[in-house]
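Here is the structure we will look at.
Number of protein chains: 2
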Amino acid sequence: MNDRSARRLAMLQEALASGGTLHLRDAAELCGVSEMTIRRDLTTQPSAISLLGGRLVMANYPGVTPVYDLTEQQASHYHVKHRLCQRAAGFIEEGDTLFIDCGSTLIPLLSQLSHFRELTVVTYALNVANSVAGLPNVRLVLLGGLFYASSQSFGSDNMEAAIERLGINKALISAAGVDYERGVSCFHFHEVAPKQAAIATAMQRFLVVDASKFGVVRPAYFATLADFDVVVTDDEQAPALLVSGSTPLPDISLA
Amino acid sequence: MNDRSARRLAMLQEALASGGTLHLRDAAELCGVSEMTIRRDLTTQPSAISLLGGRLVMANYPGVTPVYDLTEQQASHYHVKHRLCQRAAGFIEEGDTLFIDCGSTLIPLLSQLSHFRELTVVTYALNVANSVAGLPNVRLVLLGGLFYASSQSFGSDNMEAAIERLGINKALISAAGVDYERGVSCFHFHEVAPKQAAIATAMQRFLVVDASKFGVVRPAYFATLADFDVVVTDDEQAPALLVSGSTPLPDISLA
DNA sequence: CACTTAATGTTATAATTTTAACATTATCGC
DNA sequence: GCGATAATGTTAAAATTATAACATTAAGTG
Chain Z
4 MNDRSARRLA
14 MLQEALASGG
24 TLHLRDAAEL
34 CGVSEMTIRR
44 DLTTQPSAIS
54 LLGGRLVMAN
64 YPGVTPVYDL
74 TEQQASHYHV
84 KHRLCQRAAG
94 FIEEGDTLFI
104 DCGSTLIPLL
114 SQLSHFRELT
124 VVTYALNVAN
134 SVAGLPNVRL
144 VLLGGLFYAS
154 SQSFGSDNME
164 AAIERLGINK
174 ALISAAGVDY
184 ERGVSCFHFH
194 EVAPKQAAIA
204 TAMQRFLVVD
214 ASKFGVVRPA
224 YFATLADFDV
234 VVTDDEQAPA
244 LLVSGSTPLP
254 DISLA
Chain P
4 MNDRSARRLA
14 MLQEALASGG
24 TLHLRDAAEL
34 CGVSEMTIRR
44 DLTTQPSAIS
54 LLGGRLVMAN
64 YPGVTPVYDL
74 TEQQASHYHV
84 KHRLCQRAAG
94 FIEEGDTLFI
104 DCGSTLIPLL
114 SQLSHFRELT
124 VVTYALNVAN
134 SVAGLPNVRL
144 VLLGGLFYAS
154 SQSFGSDNME
164 AAIERLGINK
174 ALISAAGVDY
184 ERGVSCFHFH
194 EVAPKQAAIA
204 TAMQRFLVVD
214 ASKFGVVRPA
224 YFATLADFDV
234 VVTDDEQAPA
244 LLVSGSTPLP
254 DISLA
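What follows is the structure in structure tokens.
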């Protein structure tokens with residue numbers, strides 16, 4: 004509501020931009036006002052900074068996500084994807100070159116990569132890259148291009164070629180929809196090329212999808228179920244339904 | 004030190020992966036142990052999670068940076084780079100296609116990009132991409148490749164070609180060393196190609212360096228001072244020293 | 001310049017978090 | 001199964017942070 008208040012906030016935002024935390028005490032001294040004023044600056048108006056136990060922290064990168072409290076329920080919702088990824092991780096071997104698809108499904112997998120001595124991760128997703136960038140045992144290859152915020156991923160016209168150069172061992176693919184007759188689909192068309200290229204070059208292909216994706220159809224088809232070697236899922240009905248087909252169908256790994 | 008402890012940490016890391024915070028109380032319930040145990044999990048071993056005023060937060064993306072406390076001094080140290088970037092931002096115009104170099108110098112610039120209606124940012128640095136990925140008015144092009152953690156940037160053998168395709172308007176380049184006789188240098192050799200390509204294709208070239216970089220020589224030379232149109236710096240002696248040469252030299256923009 | 005209002009500072013109190021010491025329960029090897 | 005050790009739980013005291021109410025200072029207006 005105040006000109007000076009806004010300037011103080013900008014000042015603090017600078018200080019925090021590199022990702023540390025600033026004690027309320029120091030923030031007050033830095034701005035030359037009392038702690039109470041900083042407190043009010045932070046509560047009066049919406050800002051990218053939150054106060055957590057006396058320390059100022061930047062509401063999470065990149066700039067938008069506010070620091071909110073997860074409830075126990077919300078947190079436990081990750082268990083499904085976590086279980087899925089635990090199962091998927093069982094297929095990973097020392098020294099593998101993995102293609103990791105975009106989306107939120109495979110994110111839990113990445114925290115399990117630190118147990119290996121040496122791996123290579125190939126991805127076209129920013130969130131995947133971020134989750135892996137800190138691991139010293141993982142060689143990260145990010146396929147760049149134009150950024151699509153909705154899927155946190157990149158797209159470019161030569162991504163197919165780039166992927167085919169890479170000697171990918173195992174492709175871990177996620178999807179927004181899996182239909183037994185029509186095939187596997189996702190939301191965005193720019194995801195089709197990298198997914199297909201990865202499926203084409205990888206030696207083993209894994210489709211990782213939770214139960215909610217079955218019977219769902221999304222705008223962009225990119226594969227049939229027969230393109231995969233293994234489907235990792237928590238849908239107990241999936242195995243029964245899959246048997247019906249006559250073409251060579253993937254194994255089901257139930258998490 | 005403990006198998007279960009590690010599993011709990013992984014579990015919590017999952018829950019926090021999307022960027023919220025989790026109250027110690029909820030974390031304890033989620034894991035089915037007491038708050039004290041979670042406390043110990045977090046203090047006994049190094050982890051990406053820190054406890055801030057009773058709430059668990061992910062130590063900042065990407066993965067490595069621990070949540071540390073900035074002192075007042077450290078925080079005010081950002082003012083130098085902030086001033087530099089404020090000056091540099093003055094050269095940016097609506098609709099520009101900017102090449103943003105890797106390193107920490109240009110990061111403060113990115114928070115000033117939200118004032119424009121429409122911009123394109125080209126970069127080969129993960130931290131730059133992260134800072135820009137949330138801005139709805141910025142089109143982001145990330146040049147991918149193999150990730151180099153030390154500089155948070157990517158390198159690949161066809162980066163030159165990729166850059167030259169892009170129609171970059173203004174190149175904002177940072178450096179680790181600037182020597183009046185020997186030229187401009189950085190630490191890592193993989194940075195040379197993208198920097199040179201950007202300098203070659205851009206219509207305007209800006210070198211953004213604080214005073215501490217002058218007179219310093221680093222392993223990899225990538226340009227001479229004459230390659231730049233403008234040098235943005237806070238070194239008051241820079242202008243005087245630059246006049247000495249006879250070749251066409253850049254303007255100095257003093258912040 | 002007095003008056004009004006907004007902004008900031010101060011203080012005391014309430015709520016919460018942290019720490020430390022000790023009690024209890026599990027785990028492992030023999 | 002028993003003893004030793006590690007892991008976890010419980011409790012109370014100490015430290016810190018949050019809140020609210022009121023005092024003070026600064027800014028804006030007729």
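Protein sequences, first through last, are from chains Z and P. Residues 4 to 258 in this note's numbering are what the first sequence spells out, letter by letter. Residues 4 to 258 in this note's numbering are what the second sequence spells out, letter by letter. Just so you know, even glycine gets a beta-carbon here, dropped at the ideal spot from N, CA and C. Note that the structure is predicted; figures quoted are calculated from it, not measured.
Local conformation of residue i per DSSP, three classes
| i | result |
| --- | --- |
| V220/Z | coil |
| S159/Z | coil |
| R142/P | strand |
| D182/Z | strand |
| H191/Z | coil |
| V135/Z | helix |
| L12/P | helix |
| V124/Z | strand |
| V235/P | strand |
| A226/Z | strand |
| L112/Z | helix |
| L25/P | strand |
| V83/P | helix |
| E97/P | coil |
| A200/P | helix |
| L19/Z | helix |
| Q240/P | coil |
| L169/Z | coil |
| Q89/Z | helix |
| N130/P | helix |
| A31/P | helix |
Neighbour list for residue i in chain Z, Cβ cutoff strictly below 7 Å
| i | result |
| --- | --- |
| H85/P | E17 |
| F190/P | Ordered by position in chain Z, no residue passes the 7 Å Cβ test against F190/P, which lies about 18 Å from the chain. |
Through-space distance from residue j to residue i, alpha-carbon basis
| i | j | result |
| --- | --- | --- |
| A223/Z | M162/P | 30 Å |
| E17/Z | P111/P | 7 Å |
| K198/P | L116/Z | 33 Å |
| T212/P | L54/Z | Sequence check: residue 212/P is Val here, not Thr. Cα to Cα, the separation comes out at about 33 Å. |
| R58/Z | L228/Z | 50 Å |
| Y64/Z | M39/P | Note that Y64/Z scores a pLDDT of 39, beneath 50, so its modelled location is shaky and nothing firm can be said. |
| S134/Z | V60/P | 15 Å |
| Q240/P | E194/P | 28 Å |
| V67/P | V220/P | Because the pLDDT of V67/P is 36, which lies under 50, any placement of that residue in the model is unreliable, and the number read from its coordinates should be weighed accordingly. Straight-line Cα distance between these residues: approximately 29 Å. |
| R168/P | T204/P | 9 Å |
| G98/Z | I176/P | 36 Å |
| V83/P | A92/Z | 46 Å |
| R7/P | S37/P | 14 Å |
| R43/Z | L33/Z | 16 Å |
| V70/Z | T24/P | Legend: pLDDT at V70/Z = 49, less than 50; position of this residue unreliable, value from coordinates given subsequently. Near 6 Å, if we compare the C-alpha coordinates of T24/P and V70/Z. |
| K216/P | D238/P | 9 Å |
Proximity of residue i and residue j at Cβ, strictly below 8 Å
| i | j | result |
| --- | --- | --- |
| V181/Z | F209/Z | no |
| T100/P | T123/P | yes |
| I166/Z | A132/Z | no |
| A260/P | A136/Z | Chain P is shown only over 4 to 258; residue 260/P falls outside these bounds and no answer can be derived. |
| L12/Z | A30/Z | no |
| Q89/Z | N130/Z | no |
| A174/Z | V187/Z | no |
| L19/Z | I52/Z | yes |
| L143/Z | F157/Z | no |
| I202/P | D160/P | no |
| A214/Z | R86/Z | no |
Chain P contact residues for residue i, given Cβ-Cβ distances below 8 Å
| i | result |
| --- | --- |
| S114/Z | A13, Q16, E17 and A20 |
| L122/Z | Ordered by position in chain P, no residue passes the 8 Å Cβ test against L122/Z, which lies about 13 Å from the chain. |
Which residues DSSP lists as bridging residue i, in chain order
| i | result |
| --- | --- |
| S53/Z | V60/Z |
| L210/Z | I176/Z and V234/Z |
| F102/Z | V125/Z and A174/Z |
| I255/P | V234/P |
| F150/Z | F157/Z |
Where residue i meets chain Z, residues with beta-carbon distance less than 8 Å
| i | result |
| --- | --- |
| A132/P | L129 and F150 |
| F157/P | L145 and G147 |
Where residue i meets chain Z, residues with beta-carbon distance less than 9 Å
| i | result |
| --- | --- |
| G56/P | L54, L55, G56, G57 and R58 |
| R10/P | By Cβ distance, chain Z contributes nothing, its closest Cβ being about 10 Å from R10/P, past 9 Å. |
| R142/P | L149 and F150 |
Contact test: residue i Cβ vs the ligand MG heavy atom, cutoff 7 Å
| i | result |
| --- | --- |
| Q16/P | Although the ligand MG was asked about, the structure shown includes no ligands whatsoever. |
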